[in-house]
Structure formats: structure tokens, C-alpha cells
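Here is the structure we will look at.
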Amino acid sequence: MAAQNPSFESLASGDAIIEARNVSVNFGDVHALIDASLTVPEGQVRGLLGPNGAGKTTLVNVISTLLSPTSGTALVNGFDVTKQGKQVRSIIGLAGQYAAVDNLLTGRENLEIVGSLYQLSRSEAKAQANDVLERLSLTEAADRPVKTYSGGMRRRLDLGASLVGRPKVLILDEPTTGLDPRIRIELWDFLKDLVTEGTTVLLTTQYLEEADALADEITLIDSGRVIAEGTPSALKEKIGGSSLVLATRNSAEIAEAARLVAAIGNAEPVIDEDKASLSMHVDSDSGAIVQAAQALDSAGIAVSELALQSPSLDEVFLRLTKGGN
Ligand SMILES: Nc1ncnc2c1ncn2[C@@H]1O[C@H](COP(=O)(O)OP(=O)(O)OP(=O)(O)O)[C@@H](O)[C@H]1O
Ligand SMILES: [Mg+2]
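For the sequence shown, the positions run 45 to 369 when the working numbering is used.
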């Protein structure tokens, strides 16, 4: 968080505000991170992506001073996370993967306590709590104990707690997991506002459309190593080819359609059951669309959409990571 200390050296815009240098973390025999490096310029939204168990939370924990690296180091605004933890904590706001709010207190009380921890005046803590409650659509429930909140409300409150004090650097580990689509999109808008005001955001997410919508650049981690980095469009160009996108008229037929097109490309189709649609990576000039049309027609499956598009981040993810838990 950011009870802004005037003695902090301010970095010029464009300079690195988060820098991880060759960070390795071992848990016994498990190499959770291996020589991971990351440089995030001030004012950027950086998406940290990777399969379950890739090492995302481990890296987030090192950067937020919750975990000491086995080797390597990380700096936040020039402060070393192992030697200057207090200074680092004074400029970051963290919402971890699992909610950390007090169930017996009300939402408002939880936020005001965070404000007082950061030595905001009582009136400032109240004002910021109000602002956060409003922005996260929690005003109505503000004075109820958190134990009466739904999972999504709890998640929002936890996120809200990371915003009190208006941190210079916001670190969010899967901030929108379990939130309904409307709240998720509201939250994206909110994060975009914070970034416009100068906040740097490091966020992990399992929703690749979220990374596509928010992140200036993405760092892809797999099995503890950074395996790719770049803007969403650069990553899409890196894998090349196109995305075959189709939707079936009858939603019950999407699984069968997936089986048919899987035989055409040499990639795994990504199915969206809700939209009865799928996408799959194909070589651009492979004739895949004609083959797909023929295969679906022979099987008597009617489509409402069949097109070639530029690849999605889902496809980048599937192509570049080994996947799996
Ligand atoms: N405290 C711990 N003790 C032992 N192993 C751990 C510990 N914390 C993490 N690990 C292991 O380190 C690896 C990386 O875990 P991490 O939680 O960083 O993954 P993640 O990318 O955040 O995954 P997810 O997407 O599931 O949240 C995993 O193999 C995990 O089992
Ligand atoms: Mg995690």
C-alpha cells in the first residue's frame, strides 16, 4: 500500500518498478521456480500466465516479500524484497489467491482496519473504505459480517483490501476467479482506471481473455521457468497460423464437432460450452476451413459460424506450455 513516503525515490515513467532477477525457489525436491526473471515498467499491467503448478503464486509471493527465494533476488521500486521488505510492503497492495479477510467483522470494518494498518487517518480510512465498497458494488452489504457474504463478495472484499491506501504497485493472484461475468467486467474497468492513475499491476489469471483485455505484456511460466514474454499480439504472431472458429446451431453437437475438427488440425480444440463454439489452431493455408465444412456437412451438423481468425491467447497458451497439473 502507499502511505506515500516522500523520501522514496520516484522512478521515471518507463523504468522498471518490479524486477525479478534469476529467482529460484525450491520446496525440498520441488523446483517451483528456476532462474525466473521479470521486468515490469512502471504503469504497466503485466499478466503472469501458466498452467496449474507452474510457479505463478510462488513468484508473486517472492515479489510481495511473503517468501524468500532460494537464490536470486527481486526489487520493487528499487527496494530489495529480502533486505528491505518493509519498504516494499509500503508500496504494494496484494490480493492473494485465497481470501484473507476476517469473517467476524463487517466488510467496512475489514477495510477500515487495513487503512489503519497503513496509518491512514481515521477519516481517510473511512473515505477510502467507502470508495472501495462502492467501486466493488459492496455498499449494500458493507455493514454485514463477512461470514454472511457469498464467495464472490468475499473475493471482491479481499481485492478491495488490496486497494486501500492506493498502492503504487498492485499484485493480484487470480483476482477474478469465481466472480460472475458482470462483476468481472466491472473489475476490469476499475483496474483500467487505476492504471490510468499510474498504478502498476502484476496479475495472474487463468482467464486468457482477461489477460488479453488487460495486460500490456504477458510473461508465460511453465514448470518454474519463464518460457515466453511479450505483448498479446506478439505472442500470437510467435505461434503464427490462424484460429479456426466455429459454432454449432445445436449446442448438443459441439462435442462431436470438436472431435471432427480435431482430426483435421494437429491441435486441441478449445470448447466454449456456453456459446456452443470452439476454436482451434491451424496452419493458415492448410485448407482447414474447407475440410471442416465438409466433415461437418457429412455428419449433418449445422453451423452458425465457421471462420478463420488470428490465433487467440488460449491457443498461444496451449501451444507453448506443456500443460497439465
Ligand atoms: N509450500 C510449498 N511446499 C511444497 N511445494 C510447494 C509449496 N508451494 C508451492 N509448491 C509447489 O511449487 C509449484 C508451484 O506452485 P505455485 O503455487 O507457485 O503454482 P501456480 O502457478 O500458482 O499454480 P495455480 O495455477 O494452481 O495457482 C507446485 O509444484 C507446487 O506444488
Ligand atoms: Mg497460484
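Ideal Cβ positions, reconstructed from N, Cα and C, are used throughout, including at glycine.
Beta-carbon spacing of residue i, residue j below 8 Å
{"i": "L33", "j": "L216", "result": "Because the chain in this structure spans residues 45 to 369, residue 33 falls outside the shown range and cannot be described."}
{"i": "G268", "j": "H75", "result": "yes"}
{"i": "T244", "j": "I61", "result": "yes"}
{"i": "P126", "j": "S115", "result": "Looking at the sequence itself, residue 126 is Thr, so the reference to Pro does not match. In this structure, S115 does not lie closer than 8 Å to T126 by Cβ."}
{"i": "L155", "j": "A173", "result": "yes"}
{"i": "A80", "j": "G99", "result": "yes"}
{"i": "F361", "j": "L93", "result": "yes"}
{"i": "P219", "j": "L247", "result": "yes"}
{"i": "R363", "j": "I283", "result": "yes"}
{"i": "S239", "j": "A205", "result": "Going by the sequence as given, residue 239 is Val instead of Ser. Not in contact: V239 and A205 (Cβ atoms no closer than 8 Å)."}
{"i": "S328", "j": "S286", "result": "yes"}
{"i": "T109", "j": "R133", "result": "yes"}
{"i": "I345", "j": "E312", "result": "no"}
{"i": "H325", "j": "P276", "result": "no"}
{"i": "L77", "j": "L103", "result": "yes"}
{"i": "L350", "j": "L258", "result": "no"}
{"i": "Q305", "j": "D358", "result": "It is Val, not Gln, that sits at residue 305 in the sequence shown. No, they are not a contact pair."}
{"i": "L279", "j": "I265", "result": "no"}
{"i": "S323", "j": "L288", "result": "yes"}
{"i": "L207", "j": "V176", "result": "yes"}
{"i": "S181", "j": "I227", "result": "yes"}
{"i": "N147", "j": "V190", "result": "yes"}
{"i": "R199", "j": "L223", "result": "yes"}
{"i": "G242", "j": "G87", "result": "yes"}
{"i": "R152", "j": "D124", "result": "no"}
{"i": "A302", "j": "L340", "result": "no"}
{"i": "I308", "j": "P211", "result": "no"}
{"i": "D260", "j": "V89", "result": "yes"}
{"i": "A336", "j": "T292", "result": "no"}
Check: residue i C-beta below 7 Å from any heavy atom of ligand 2
{"i": "T101", "result": "yes"}
{"i": "Q141", "result": "yes"}
{"i": "D202", "result": "no"}
{"i": "T248", "result": "yes"}
{"i": "D217", "result": "yes"}
Bridge-paired residues (DSSP) for residue i
{"i": "D316", "result": "S321"}
{"i": "I262", "result": "G91, G274"}
{"i": "V347", "result": "T292"}
{"i": "N70", "result": "H75"}
{"i": "I215", "result": "L138, L246"}
{"i": "A60", "result": "P85"}
{"i": "T372", "result": "This structure does not reach residue 372, given that the chain is present from 45 up to 369, and the question cannot be answered."}
{"i": "V326", "result": "S286"}
{"i": "Q353", "result": "S287"}
{"i": "A80", "result": "V67"}
{"i": "R226", "result": "R226 pairs with nothing; no bridge assigned."}
{"i": "R269", "result": "D266"}
Distance cut-off 7 Å: residue i Cβ against heavy atoms of ligand 1
{"i": "A76", "result": "yes"}
{"i": "N70", "result": "no"}
{"i": "G222", "result": "no"}
{"i": "N121", "result": "no"}
{"i": "A144", "result": "no"}
{"i": "A118", "result": "no"}
{"i": "G97", "result": "yes"}
{"i": "G87", "result": "no"}
{"i": "G94", "result": "yes"}
inquiry  = I'd like the ranges of any alpha helix (DSSP H) spanning at least 4 consecutive residues and lying wholly in the stretch 96 to 132.
reply    = As far as the stretch 96 to 132 is concerned, its whole alpha helix (DSSP H) runs of at least 4 residues are 100 to 107.
request  = Taking only runs that begin and end inside the stretch 153 to 209, name each unbroken alpha helix (DSSP H) of 4 or more residues, in chain order.
outcome  = 166 to 179, 195 to 207
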